[in-house]
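What follows is a single structure, written as structure tokens, with notes after it.
Protein chains in written order, with our numbering: chain A, 1 to 130; chain B, 131 to 260.
The structure is reproduced here in structure tokens:
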């Protein structure tokens, strides 16, 4: 999609729930339950997935780093670049996890994603190295 | 808030509705109805405000460019850097507006915000000028 084209990818925050998630082979494995958004920067940081029985993961919620997803316009959903092993090894999650930077660090490490707060530091670097 | 601190600003996409919006003097003028998110980049592009009678704007929805807002942690809500005149001059809005780049351009111009798709072009510049 060219940047000069109308943006068909805008979605309301209250309608993002239920978007399909596929594995890297293109098989549907679950859905987006909701997103976690940084209300200061306006950037999505996590997507919380449910598997609904796929892969035997039951109804639990699995938060994944935003960077583990790629939106596929043909599939009309997200491709999650994660393995079953990563999902099974994910650090335990509860509502307090969102205020636990150590948990966030372990989660990103588990899924092989660079922590988003390191991006922000780089972007704000007052002495960039050219 | 330091970037090494736990992030207290993460909010669920299904809970962002109802966040207070203040004017630049700190007076509450309305609420966030919902956000419009780019599902490819994961960036919030618009916040849709309702005034609930404030300033005589009734119950209509007013989409504003995301950049017109600043989150104020002390107020616990967004400060909207817009004037009554800008709100009254805003281009007419309907559900098709989200697929109308011309409407998006007029909206950003009305509120004096640089269009987000120009940011993206700059960020993706393959020949950056140092």
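C-beta atoms are modelled at their ideal positions from N, C-alpha and C, and glycine is treated no differently.
### Between the CA atoms of residue 139 of chain B and residue 53 of chain A - distance to the nearest angstrom
Counted from its first residue, the first chain places residue 53 of chain A at position 53. Counted from its first residue, the second chain places residue 139 of chain B at position 9. Between residue 53 of chain A and residue 139 of chain B, the C-alpha separation is close to 31 Å.
### Task
Could you tell me which chain A residues have their CB closer than 7 Å to the CB of residue 240 of chain B, listed as they occur along the chain?
Numbered from 1 along the second chain, position 110 holds the residue referred to as residue 240 of chain B. Going along chain A, no residue has its Cβ under 7 Å from residue 240 of chain B, so there is no contact; the nearest lies around 18 Å.
### Message
Does residue 24 of chain A pass the burial test, meaning 16 or more other C-beta atoms within 10 Å, or should it be called exposed?
### Response
Reading the first chain from its first residue, position 24 is the one you call residue 24 of chain A. By the neighbour-count rule (16 or more Cβ atoms within 10 Å), residue 24 of chain A is not buried but exposed.
### Message
Determine, for residue 11 of chain A, whether the minimum Cβ-Cβ distance to residues of chain B falls below 8 Å.
### Response
Along the first chain, one-based indexing puts residue 11 of chain A at 11. With 8 Å as the cut-off, residue 11 of chain A counts as an interface residue toward chain B.
### Message
For the structure I just gave you, are there three or more beta carbon pairs, one from the region 143 to 150 of chain B and one from the region 160 to 168 of chain B, closer than 8 Å?
### Response
yes
### Task
Anything in the region 141 to 156 of chain B with a Cβ closer than 8 Å to a Cβ of chain A? List those residues in chain order, please.
141, 142, 143, 144, 146, 147, 149
### Task
Could you tell me whether the Cβ of residue 8 of chain A comes closer than 8 Å to any Cβ of chain B?
Working through the first chain from its first residue, we reach residue 8 of chain A at position 8. Residue 8 of chain A counts as touching chain B.
### Task
With 9 Å as the limit, tell me which residues of the region 35 to 65 of chain A have their beta carbon closer than that to any beta carbon of chain B; keep them in chain order.
35, 36, 37, 38, 39, 40, 41, 42, 43, 44, 45, 46, 47, 48
### Query
With a cut-off of 8 Å, does the C-beta of residue 106 of chain A fall near any C-beta of chain B?
Within the first chain, numbered from 1, the residue matching residue 106 of chain A stands at position 106. Not an interface residue.
### Message
Can you tell me whether residue 8 of chain A sits near the ligand MG, meaning its C-beta is under 7 Å from at least one heavy atom of the ligand?
### Response
As presented, the structure is devoid of all ligands, the ligand MG included, so that no description of it is given.
### Residue from A:62, A:77, A:42 whose Cα sits closest to the Cα of residue 107 of chain A
As a first step, residue 107 of chain A must be located in the first chain, where it is residue number 107. Among A:62, A:77, A:42, the Cα nearest to that of residue 107 of chain A is on A:62.
### Task
Taking residue 84 of chain A as part of the alpha helix (DSSP H), name the residues at either end of that continuous run.
By 1-based counting over the first chain, the position of residue 84 of chain A is 84. First-last of the alpha helix (DSSP H) with residue 84 of chain A: 84 to 88.
#### Entry: residue 17 of chain A (DSSP reduced to helix, strand or coil)
The residue given as residue 17 of chain A occupies position 17 in the first chain. The answer is coil: DSSP assigns residue 17 of chain A none of H, G, I, E or B.
### Task
Mark residue 109 of chain A as exposed unless 16 or more other C-beta atoms lie within 10 angstroms of its C-beta, in which case mark it buried.
On the first chain, position 109 is the one that residue 109 of chain A refers to. With fewer than 16 other Cβ atoms within 10 Å, it is exposed.
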